[in-house]
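Enquirer: Okay, here's the structure, questions in a sec.
Number of protein chains: 2
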Amino acid sequence: MYSTMDIALAPQTLAAMELFQGLAVSALETIAARTRVRRLSKDLRIFSQGDEEVRAHAVIEGGVRITQSGSDGAQVVIRFIGPGEMFGTVSLFTDGRYPADAITLAETLEASWSEAELLDLIHRHPQIGVNVIRIIGRRLQEVQERVRELATQRAERRVAHALLRLARQAGHSTIDGTAIEFPLRRKDVADISGTTLHTASRILTSWEKAGFLMTRDRRLTIRQPSEILRISEEAPD
Amino acid sequence: MYSTMDIALAPQTLAAMELFQGLAVSALETIAARTRVRRLSKDLRIFSQGDEEVRAHAVIEGGVRITQSGSDGAQVVIRFIGPGEMFGTVSLFTDGRYPADAITLAETLEASWSEAELLDLIHRHPQIGVNVIRIIGRRLQEVQERVRELATQRAERRVAHALLRLARQAGHSTIDGTAIEFPLRRKDVADISGTTLHTASRILTSWEKAGFLMTRDRRLTIRQPSEILRISEEAPD
DNA sequence: GGAGCAGTTTGCTCCAGCGCAAACTCGCGG
DNA sequence: CCGCGAGTTTGCGCTGGAGCAAACTGCTCC
Chain A
20 MYSTMDIALA
30 PQTLAAMELF
40 QGLAVSALET
50 IAARTRVRRL
60 SKDLRIFSQG
70 DEEVRAHAVI
80 EGGVRITQSG
90 SDGAQVVIRF
100 IGPGEMFGTV
110 SLFTDGRYPA
120 DAITLAETLE
130 ASWSEAELLD
140 LIHRHPQIGV
150 NVIRIIGRRL
160 QEVQERVREL
170 ATQRAERRVA
180 HALLRLARQA
190 GHSTIDGTAI
200 EFPLRRKDVA
210 DISGTTLHTA
220 SRILTSWEKA
230 GFLMTRDRRL
240 TIRQPSEILR
250 ISEEAPD
Chain B
20 MYSTMDIALA
30 PQTLAAMELF
40 QGLAVSALET
50 IAARTRVRRL
60 SKDLRIFSQG
70 DEEVRAHAVI
80 EGGVRITQSG
90 SDGAQVVIRF
100 IGPGEMFGTV
110 SLFTDGRYPA
120 DAITLAETLE
130 ASWSEAELLD
140 LIHRHPQIGV
150 NVIRIIGRRL
160 QEVQERVREL
170 ATQRAERRVA
180 HALLRLARQA
190 GHSTIDGTAI
200 EFPLRRKDVA
210 DISGTTLHTA
220 SRILTSWEKA
230 GFLMTRDRRL
240 TIRQPSEILR
250 ISEEAPD
């Protein structure tokens, strides 16, 4: 399943994380020593909605899918977490229960801190506290934008937006275009765009036929970002 | 328009705010002195999306509507702010621009702090920083729930949820039932539920006819919360 | 190598609710 | 008292996309 042991964590790895922006290298060295690092296999559940033993997590390599389900069975993807990003942190400060499920999308290297450790770190380095506010604040703005999209835009535009967001967040350039790091099923794209598997499949397939993107081995590569962008900005009429 | 002068701010007023939970009375007295308080008339724009002179705000009495508009004209209500709640705070920590518009729903008493003041307060009273994280975190969870609703539930359930949320947030008991403090037009209800004026009007009218709620002078009173609750929890099929 | 399974594609039907249009209510100012 | 404007109600037609069903693809594990 996973291995904790002997994974050396370089300070510059921490420096690349949103959580530790603006910290001195000396501080990072101390933090590295207090970090639990694990290598996780694909499709592993890191935590479940409602779990009470909360930790703050961050992805170093790979990716994690965060999903939330309601009292009815309905489920949506809250977001995908790529390298350098944190997850599961809000629960430390609110009710001490994870508000969602976290599952690895691929083999993933994950760092995490217990509540006590994180609070201690914030105490020693107030900048970390400000970073937490910044991260959560930015995420709040993103989710609010998603609310606006869901309420006012149609499925094709939402899928286009979702892809661009993913590319910005976890895309890396290849010979063919911008590839999204982690594997995505059609269902994932549907859940993050607020539509159904069927509609998402239709839309993505049509874009593949038009040459805007390609899927290989569950991984999406955007070949013509300009076209996706155009769709994401199309007039409502 | 508004008057700033000579509004005495009692420490216990501050103590009732989410931002100052857990602070000593002595601290609150100092804070009161550093707070700008204004009485604002109805329908006054407190700030606009994109404004760069950001402050942190809180409502003491009355209410504020927070709306966001996209590059296309589409607009949604992000949330309504009732007594004791903060607004416009996230922008202090992200990009220094308000991400939305804020307009008073009624005559409103508002407190606010400049960026420098708030940062100084957080520095003196770290608990305030933790409170900010808690507030933003809770709001993030709420918005994520709204995303789930928008993606998976139909209009009637969403309107029901929205009303219950508003009642919890800004409701007070009257002889007829739970009344929502501030005036709401049909359009407001539509925008917060992610539907259209027409659909919202139809739904609310049908509930009025069924006796579940009443509107008087733009103010909604929920007479049979159990019925609204039932609708909000109805099975999808 | 074939049975089984997870994920995808595609055709078809149906309806919630959007969009448009028109009538109606009510408070306000002249 | 009347006209006006803002907000609301209601009727009606149209359609995006949800929902269902079925075929297809390409794995993984016996």
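Each protein sequence line maps, in turn, to chains A and B. Quick note, the first sequence lines up with residues 20 to 256 if you use this note's numbering. Quick note, the second sequence lines up with residues 20 to 256 if you use this note's numbering. Even glycine gets a Cβ: it sits at the ideal position worked out from N, Cα and C.
Please list, in chain order, the chain A residues whose beta carbon lies closer than 8 Å to that of Pro118(B).
Expert: Against the second sequence, residue 118(B) aligns to sequence position 99. Near Pro118(B) (Cβ distances below 8 Å), the residues of chain A are Gln160, Gln163.
Enquirer: Note down the Cα distance separating Glu71(B) from Ala125(A), rounded to an integer number of angstroms.
Expert: Residue 71(B) sits at position 52 when you count from the first residue of the second sequence. Residue 125(A) sits at position 106 when you count from the first residue of the first sequence. Near 41 Å, if we compare the C-alpha coordinates of Ala125(A) and Glu71(B).
Enquirer: Pull up the distance between the alpha-carbon of Ala27(A) and that of Ile155(A), whole angstroms please.
Expert: Sequence index remark: in the first sequence, residue 27(A) carries index 8 (1-based). Sequence index remark: in the first sequence, residue 155(A) carries index 136 (1-based). The alpha-carbon atoms of Ala27(A) and Ile155(A) are separated by roughly 28 Å.
Enquirer: Are there three or more Cβ pairs, one per stretch, closer than 8 Å when the stretch 68-87 of chain B is compared with the stretch 95-105 of chain B?
Expert: As far as the Cβ criterion goes, the stretch 68-87 of chain B touches the stretch 95-105 of chain B, which means the pair count is three or higher.
Enquirer: Which term fits Gly190(B), buried or exposed, when burial requires 16 or more other beta carbons within 10 angstroms of its beta carbon?
Expert: Locating residue 190(B) in the second sequence gives position 171, where the first residue counts as 1. By the 10 Å Cβ count, Gly190(B) comes out buried.
Enquirer: Less than 8 Å between the beta carbons of Val73(A) and Leu159(B), yes or no?
Expert: One-based indexing of the first sequence puts residue 73(A) at position 54. One-based indexing of the second sequence puts residue 159(B) at position 140. No.
Enquirer: Which term fits Asp210(B), buried or exposed, when burial requires 16 or more other beta carbons within 10 angstroms of its beta carbon?
Expert: Position 191 of the second sequence, counted from the start, is the residue given in the question as residue 210(B). The residue in question, Asp210(B), is buried, as its Cβ has 16 or more Cβ neighbours within 10 Å.
Enquirer: Compute the beta-carbon to beta-carbon distance between Leu33(A) and Ile147(A), rounded to the nearest angstrom, for a pair I have assumed lies under 8 Å.
Expert: Within the first sequence, the letter at position 14 stands for residue 33(A). Within the first sequence, the letter at position 128 stands for residue 147(A). No, Leu33(A) and Ile147(A) are not in contact; Cβ-Cβ is about 11 Å, not under 8 Å.
Enquirer: Does the Cβ of Val162(A) lie closer than 7 Å to at least one heavy atom of the ligand HEM?
Expert: Judged by which ligands are present, the structure shown has none, so any question about the ligand HEM falls away.
Enquirer: Spatial neighbours of Ile141(B) within its chain, please: CB distance less than 6 Å, with the 5 preceding and 5 following residues excluded, ordered by chain position.
Expert: Your numbering for residue 141(B) matches position 122 in the second sequence. Excluding residues within five positions, the ones whose Cβ falls inside 6 Å are Ile147, Gly148.
Enquirer: Step through the CB atoms of chain B and report whether any lies within less than 8 Å of the CB of Gln31(A).
Expert: What you label residue 31(A) is simply residue 12 of the first sequence in a count that begins at 1. Answer no: the Cβ-Cβ gap between Gln31(A) and chain B never drops below 8 Å.
Enquirer: For the candidate residues Ala219(A), Ala198(A), Ser245(A), whose alpha-carbon lies nearest to that of Asp207(A)?
Expert: Taking the first residue of the first sequence as 1, we reach residue 207(A) at position 188. That would be Ala219(A), whose Cα lies nearest to the Cα of Asp207(A).
Enquirer: Taking CB distances under 8 Å as the criterion, tell me whether Ser251(A) reaches chain B.
Expert: The residue labelled residue 251(A) in the question sits at position 232 within the first sequence. No - not a single Cβ of chain B is within 8 Å of the one on Ser251(A).
Enquirer: Should Ile247(B) go down as buried or exposed, given a rule of 16 or more other Cβ atoms within 10 Å for buried?
Expert: Stepping through the second sequence from its first residue, residue 247(B) is reached at position 228. With 16 or more Cβ atoms within 10 Å of its Cβ, Ile247(B) is classed as buried.
Enquirer: Considering only the beta carbon of each residue, do Glu168(A) and Arg157(A) sit closer than 8 Å?
Expert: As a first step, residue 168(A) must be located in the first sequence, where it is residue number 149. As a first step, residue 157(A) must be located in the first sequence, where it is residue number 138. No. Outside cutoff.
Enquirer: Taking the Cβ atom as the reference point for each residue, do Gly107(A) and Ala75(A) lie within a distance shorter than 8 Å?
Expert: As a position in the first sequence, residue 107(A) is number 88, starting the count at 1. As a position in the first sequence, residue 75(A) is number 56, starting the count at 1. A contact, by the Cβ cut-off of 8 Å.
Enquirer: Rounded to the nearest angstrom, what separates Thr193(B) and Thr240(B) at their Cα positions?
Expert: What you label residue 193(B) is simply residue 174 of the second sequence in a count that begins at 1. What you label residue 240(B) is simply residue 221 of the second sequence in a count that begins at 1. Taking the straight line joining both Cα atoms gives about 9 Å.
Enquirer: Would a C-beta distance cut-off of 8 Å place Arg17(A) and Glu134(A) closer than the cut-off?
Expert: With chain A running from 20 to 256 in the structure shown, residue 17(A) is simply not present.
Enquirer: Does DSSP put Asp256(B) in a helix, in a strand, or in coil?
Expert: Against the second sequence, residue 256(B) aligns to sequence position 237. Unreliable positioning characterises Asp256(B) in this predicted model, as indicated by a pLDDT of 49, which lies under 50. The coordinate reading is nonetheless provided below. Looking at Asp256(B) - three-state DSSP - the assignment turns out to be coil, as it is neither helix nor strand.
Enquirer: Helix, strand or coil, according to DSSP, for Gly148(A) in the structure here?
Expert: Your numbering for residue 148(A) matches position 129 in the first sequence. Helix.
Enquirer: As a quick exercise: from Arg242(A), Arg221(A), Ile50(A), pick the residue whose alpha carbon is nearest that of Glu175(A).
Expert: Residue numbering aside, residue 175(A) sits at position 156 when the first sequence is read from its first letter. Cα-wise, what sits closest to Glu175(A) is Arg221(A).
Enquirer: Quickly, what does DSSP pair Gly190(B) with across the bridge? List them, please.
Expert: In the second sequence, the residue the question calls residue 190(B) occupies position 171. Beta-bridge pairing links Gly190(B) to Ile199(B).
Enquirer: Report the rounded CA-to-CA distance for Ala93(B) versus Gln87(B), giving the unit in angstroms.
Expert: One-based indexing of the second sequence puts residue 93(B) at position 74. One-based indexing of the second sequence puts residue 87(B) at position 68. In a straight line, the C-alpha of Ala93(B) is about 8 Å away from that of Gln87(B).
Enquirer: Taking Gly148(A) as the query, report the chain B residues whose CB atoms sit under 7 Å from its CB, ordered along the chain.
Expert: In the first sequence, the residue the question calls residue 148(A) occupies position 129. By Cβ distance, chain B contributes Gly148.
Enquirer: How about Phe231(A) and Arg238(A): do their beta carbons lie closer than 8 Å?
Expert: Translated into the one-based positions of the first sequence, residue 231(A) becomes position 212. Translated into the one-based positions of the first sequence, residue 238(A) becomes position 219. Not a contact, by the Cβ cut-off of 8 Å.
Enquirer: Examine chain A for any beta-carbon lying closer than 8 Å to the beta-carbon of Val178(B), and answer yes or no.
Expert: To locate residue 178(B), count along the second sequence from 1; it is residue 159. False, the Cβ-Cβ gap to chain A never drops below 8 Å.
Enquirer: What residue ranges within the stretch 61-116 of chain A form continuous alpha helix (DSSP H) runs of no fewer than 4 residues, ordered along the chain?
Expert: Segments of the alpha helix (DSSP H) lying fully in the stretch 61-116 of chain A: 109-112.
Enquirer: Around the C-beta of Ser90(B), are 16 or more other C-beta atoms found within 10 angstroms, so that it is buried, or is it exposed?
Expert: Sequence index remark: in the second sequence, residue 90(B) carries index 71 (1-based). Classification of Ser90(B): exposed, given that the 10 Å Cβ count is below 16.
Enquirer: What residue from Ile65(A), Leu182(A), Met105(A), Val109(A) has the CA that sits closest to Trp226(A)'s CA?
Expert: The residue given as residue 226(A) occupies position 207 in the first sequence. Among Ile65(A), Leu182(A), Met105(A), Val109(A), the Cα nearest to that of Trp226(A) belongs to Leu182(A).
Enquirer: Assign Gly41(B) to one of two classes, buried (16 or more other C-beta atoms within 10 Å of its C-beta) or exposed (fewer than that).
Expert: By one-based count along the second sequence, residue 41(B) stands at place 22. The residue is exposed, with fewer than 16 neighbouring Cβ atoms inside 10 Å.
Enquirer: Hey, could you find the ends of the alpha helix (DSSP H) Ala34(A) is sitting in?
Expert: For the purposes of this step, residue 34(A) is taken as residue 15 along the first sequence, with counting starting at 1. Note, Ala34(A): alpha helix (DSSP H), 30-34.
Enquirer: Should Gly89(B) be flagged as near chain A, meaning a C-beta pair shorter than 8 Å?
Expert: Within the second sequence, residue 89(B) is the residue found at index 70, counting from 1. Yes, Gly89(B) lies at the interface with chain A (some Cβ there is under 8 Å from its Cβ).
Enquirer: Classify Arg242(A) as helix, strand or coil using the three-state DSSP reduction.
Expert: For the purposes of this step, residue 242(A) is taken as the residue at position 223 of the first sequence. Arg242(A): coil per DSSP, three-state reduction.
Enquirer: Output, in sequence order along the chain, the residues in the stretch 32-46 of chain B whose CB is closer than 9 Å to any CB in chain A.
Expert: Answer set for the stretch 32-46 of chain B: empty.
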